[in-house]
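Protein chains: 2
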Amino acid sequence: MVEGSKETLANDHHGWLKAKAWKLQQKMVELSNNTTKVGKDDPRRIVHSLKLGLAITTVSLFFYFEPLYDGLGTSSIWAIITVVVVFEFSVGATLGKGMNRAIATLIAGAIGFGAHYITSFTGNIWHPILLGILIYTISATASYCRFFPKLKAKYDYGLLIFILTFNMVALSGFRDDEILKLAWHRLANILVGAFIAVAICIFVRPVWAGADLHQLVATNIENLGTFLEGFGIENFGACQGEMVGGGSVMKYRSVLCSKQNEEALAYQATWEPPHGKFRLCHPWKQYRKIGTLSRDCAYCFEILNRYLNTDQIQLPLEIQRQYQEQCVQVCIESSKALKAMAKALRDIVPPALAKSHIEIAKKTAGELKLLIASSHFHGNMNMVSTTTLILLLIDSFSCVEKIVDSIHELVSLARMNTALQKSDVTSTDQKGSGDKASSQPHHIVTIAQS
Amino acid sequence: MVEGSKETLANDHHGWLKAKAWKLQQKMVELSNNTTKVGKDDPRRIVHSLKLGLAITTVSLFFYFEPLYDGLGTSSIWAIITVVVVFEFSVGATLGKGMNRAIATLIAGAIGFGAHYITSFTGNIWHPILLGILIYTISATASYCRFFPKLKAKYDYGLLIFILTFNMVALSGFRDDEILKLAWHRLANILVGAFIAVAICIFVRPVWAGADLHQLVATNIENLGTFLEGFGIENFGACQGEMVGGGSVMKYRSVLCSKQNEEALAYQATWEPPHGKFRLCHPWKQYRKIGTLSRDCAYCFEILNRYLNTDQIQLPLEIQRQYQEQCVQVCIESSKALKAMAKALRDIVPPALAKSHIEIAKKTAGELKLLIASSHFHGNMNMVSTTTLILLLIDSFSCVEKIVDSIHELVSLARMNTALQKSDVTSTDQKGSGDKASSQPHHIVTIAQS
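These protein sequences, in sequence, are chains A and B. Heads up: the first sequence begins at 0 in numbering that gives the first Met the number 0, then just goes up one per residue. Heads up: the second sequence begins at 0 in numbering that gives the first Met the number 0, then just goes up one per residue.
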């Protein structure tokens, strides 16, 4: 018995080890899969990581080379801190943080030095008391300001850095006699750090939040179009329930949860200088409006889908046939309009065909309404359901109309903007005699920035 | 003429000054209104600002008193930085940041010191090269890790601090011979700062993210109930369109945009120790599920509302009367069920009456369906619209049912949790003879944490 139980124990132990090893192997496989997936989903992530490494290595040169280190003093650590904290994925986010940090540091440094300077005249006992009162008041006030919605949206990080720097400078002054030199060294380091972060972010394979937002909104519109097309064919088309797989059609769901991403990108985009096809004062706000309308539309689709999937609805062919043609047309024409608008938005050109598609869809929707009003119902529940479905479809169409209008507005705003800036360039050119470089985009950018 | 134009100029100037002064006055009034509003909306914001001021003033004592300053060294600045950065509105957010910062600092400090130590044996030329390679690799890897969804959700701040601290320690070592002493001083300061921030956050009028989340979700459910009640009375009730003002009914709209807030609170709540009626391992995840269902329900209401407000719908009294009774009943009973569930959720008690309300509403909804199926339609567009409306209402009711079920689940999970921990306490008490403090909540907390 004892022998047997010993053997069992050894076997148990062996089994336990095996299970552990297997588990560990599973974990490693999962980890490597995850790692690959994160990179595959957006290869720019890998580039970003390498860029951050590059930025930090660049800053660390200040430590290795004697002359650089001596020039900037022992505060070099602040250059490192600034690079790590400021370096973000997109140019807009980096610029936003960098500007916030630089400006807040300047203002807070000046006020902190002032607070130290004024209180230092009051003698050994009153100095800490007055300084304490100032620190308490200014910190609490700045912290309260962070609750103001407008300040929170754009300057939250700046206010945090303000509180931080003000306290650091005011308190360092209490202990360090060379406060001005110290403050200057830190400021110089922070500016160097912010400059390196921003420069590497902009000049090494930049990621523009504006371009991302543009792409995201256009793709969302396209997904809505794809859904409508598939929906029309699947539910009202000739080959019902066969043609369309769920995968590509369900893409509209991603529209539903794009709000947070869109808002962050729209905020970052406002910090970015003109780039690619986006001029100064590109109407970034309009994207959020289109985004909201897209989500409204996606919710209409969600309701349509849910309505179809509950057990109360079946659509017998004989009833469908009555409205088939019109329903398919509304779906297909709306879908074409959406896709045309997505393309127009991508290239920022006036949409050529969208209006005519919308007109056809509108006319057909009107016909559908008349058909429903004039048809006879024989107490048929399925008939009622079909009618409900069609009315919901018409409701969705009105969402599509709104989206098309708002994209129209965006494109014309953006083009007007471009035209204005171009005419500025031309007039400047005519003044400056014979500057031939005017047709090059970088020239336009320079003038637009001045 | 010259006299006249001079006078006009003076008048113009006077007018300009007046306009400026008026504008400034307007701005000041607006600012003071905004300031009052921010405080009135949530008075805890004022308390938070005062608390932050208190925390910073407490830390600044290290600078004023010689023995404290000498004890912690010139790195005292790190205590200030930690307090400012870690101190957040809710206990959960503060603890989350504090833990992230403390743990990341420890790990990064150790690795950074190791990197410095190993490379320092390689001589003057190889030291910076090897150190540079290490810094590049580790920074890039850690930065890449920030893209992993799971790590990003909970440890994003920790990873940032890891990159920061690792580089600081590794590079400081290159210049400072007393690196161990320096690292120890910084770590001590960061721990002191984090401790002060967390202590003041918890012990001076704490704001619990968990309690906020609980309150938010319950209020959302209540708002949905209020809407349904008003909707039923307004659209199907006897005194149509009279009783209900838009204000209180439209509260369901706030449910639509509560997602971001809910997710942040749910994340913060997981960091919080047991407090009030929330035990350890309170099912915080379930709140997000209920939140999602609430938003689904609110979208159904939005569609209902939108459907009523488009011009295609009028509800003549003669048609309504047919379904009036049932519709009102579905609305009122669903509303009662929602309100009962909100109350049960608030107190974490099993809901007494909700089930019976739901049963009545379910039965009535079934009757409505039968009524619609058996009624005769005379090609009447209004009839079709009414039917659509009723079908949408039934759809909304199924959302309400799901909400009620998920709250049931949450309440029973929470109560099971409490019961388990209570029985733990009781059994521990029976072992430890005559410990009379067992009924005090802090005792339970201690055991639950151990």
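Ideal placement from N, C-alpha and C gives every residue a C-beta, glycine not left out. Small disclaimer: the values here were computed from a predicted structure and weren't measured.
- Residues are counted here when their Cβ sits less than 7 Å from a Cβ of chain B; for the segment 181-195 of chain A the count is zero.
- Of all alpha-carbon atoms in B:Ser59, B:Val206, B:Ile162 and B:Ile195, the one lying nearest the alpha-carbon of Met167 (chain A) is that of B:Ser59.
- When 8 Å is used as the limit between beta carbons, Pro350 (chain B) is near no residue of chain A, the shortest such separation being about 26 Å.
- For Lys361 (chain A), the enclosing alpha helix (DSSP H) covers residues Ala353 to Ser373.
- For Met249 (chain A), there is no enclosing alpha helix (DSSP H), since its DSSP letter is neither H nor E.
- Look at Asn32 (chain B): its C-beta is not under 8 Å from any C-beta on chain A.
- Short of 6 Å from the beta carbon of Ile162 (chain A), and not among the five residues preceding or following it, lie these beta carbons of its own chain, in chain order: Ser138 and Ala141.
- Sequence-distant partners of Asp155 (chain A) (beyond 5 residues in either direction) whose C-beta falls short of 7 Å from its own C-beta, in its chain, are Arg145.
- Taking all protein chains in view, the Cβ of Trp207 (chain A) is crowded by 16 or more other Cβ atoms within 10 Å, so the residue is classified as buried.
- When B:Ile232, B:Phe165, B:His12 and B:Leu16 are compared, the shortest CA-CA separation from Ser334 (chain B) is found for B:Ile232.
- Membership of Trp125 (chain B) in the alpha helix (DSSP H) is indicated by the continuous run Gly122 to Cys144.
- Residue state for Phe277 (chain A) is assigned as strand, using DSSP reduced to three classes.
- Taking Leu255 (chain B) as reference, the option from A:Leu223, A:Tyr298, A:Gly275 and A:Tyr286 with the minimal CA-CA separation is A:Tyr298.
- Assignment of Phe396 (chain A) by DSSP, reduced to helix, strand and coil, places it in the helix class.
- Sixteen is the threshold: since fewer than 16 other Cβ atoms of the shown chains lie within 10 Å of the Cβ of Met27 (chain B), the residue is exposed.
- In the three-state reduction of the DSSP assignment, Trp270 (chain B) falls in the coil class.
- Along the segment 249-273 of chain B, going in chain order, the ones with a CB nearer than 7 Å to a CB of chain A are Gln259.
- For Cys256 (chain B), the secondary structure class from DSSP, reduced to helix, strand or coil, is coil.
- Phe300 (chain A) and Thr104 (chain A) have their C-alpha atoms some 49 Å from each other.
- Within 7 Å of the CB of Val85 (chain A), no CB atom of chain B is found; the nearest one sits about 11 Å away.
- Contact check between the segment 189-207 of chain A and the segment 89-101 of chain A: three or more CB pairs, one atom from each, fall below 8 Å, which counts as touching.
- Distance between Lys288 (chain A) and Thr121 (chain B), taken at the CA atoms: about 59 Å.
- DSSP, read as helix, strand or coil, puts Trp283 (chain A) in helix.
- In this structure, the beta-carbon distance from Ile110 (chain A) to Phe165 (chain A) falls below 8 Å.
- Within chain A, the residues placing a beta-carbon under 8 Å from that of Tyr298 (chain B) are Tyr298, Glu301 and Ile302, ordered along the chain.
- Close CB contacts of Pro127 (chain A) within its chain, under the 8 Å cut and outside five residues either way in sequence, are with Phe173 (chain order).
- Annotation: Cβ neighbours of Phe146 (chain B) in chain A (cutoff 7 Å, chain order): Val37 and Arg44.
- The beta carbon of Gln325 (chain A) is closer than 6 Å to those of Thr363, Glu366 and Leu367 in its chain, skipping five residues each way along the sequence.
- Within chain A, not a single residue places a beta-carbon under 8 Å from that of Ser395 (chain B); the smallest gap is close to 11 Å.
- For the options A:Glu262, A:Ala336 and A:Ser411, the alpha carbon positioned closest to that of Phe396 (chain A) is the one of A:Ala336.
- Here Tyr116 (chain A) is exposed, its C-beta having fewer than 16 other C-beta atoms within 10 Å.
- Each residue's CA atom was taken as its position, placing Pro349 (chain A) and Ile406 (chain A) some 10 Å apart.
- One thing to note: Thr56 (chain A) has its Cβ within 8 Å of the Cβ of Gly131 (chain B).
- In the three-state reduction of the DSSP assignment, Pro349 (chain B) falls in the coil class, being assigned neither a helical nor a strand state.
- Across the set A:Leu412, A:Ala413, A:Val83 and A:Met415, the C-alpha of A:Val83 shows the shortest separation from the C-alpha of Leu53 (chain A).
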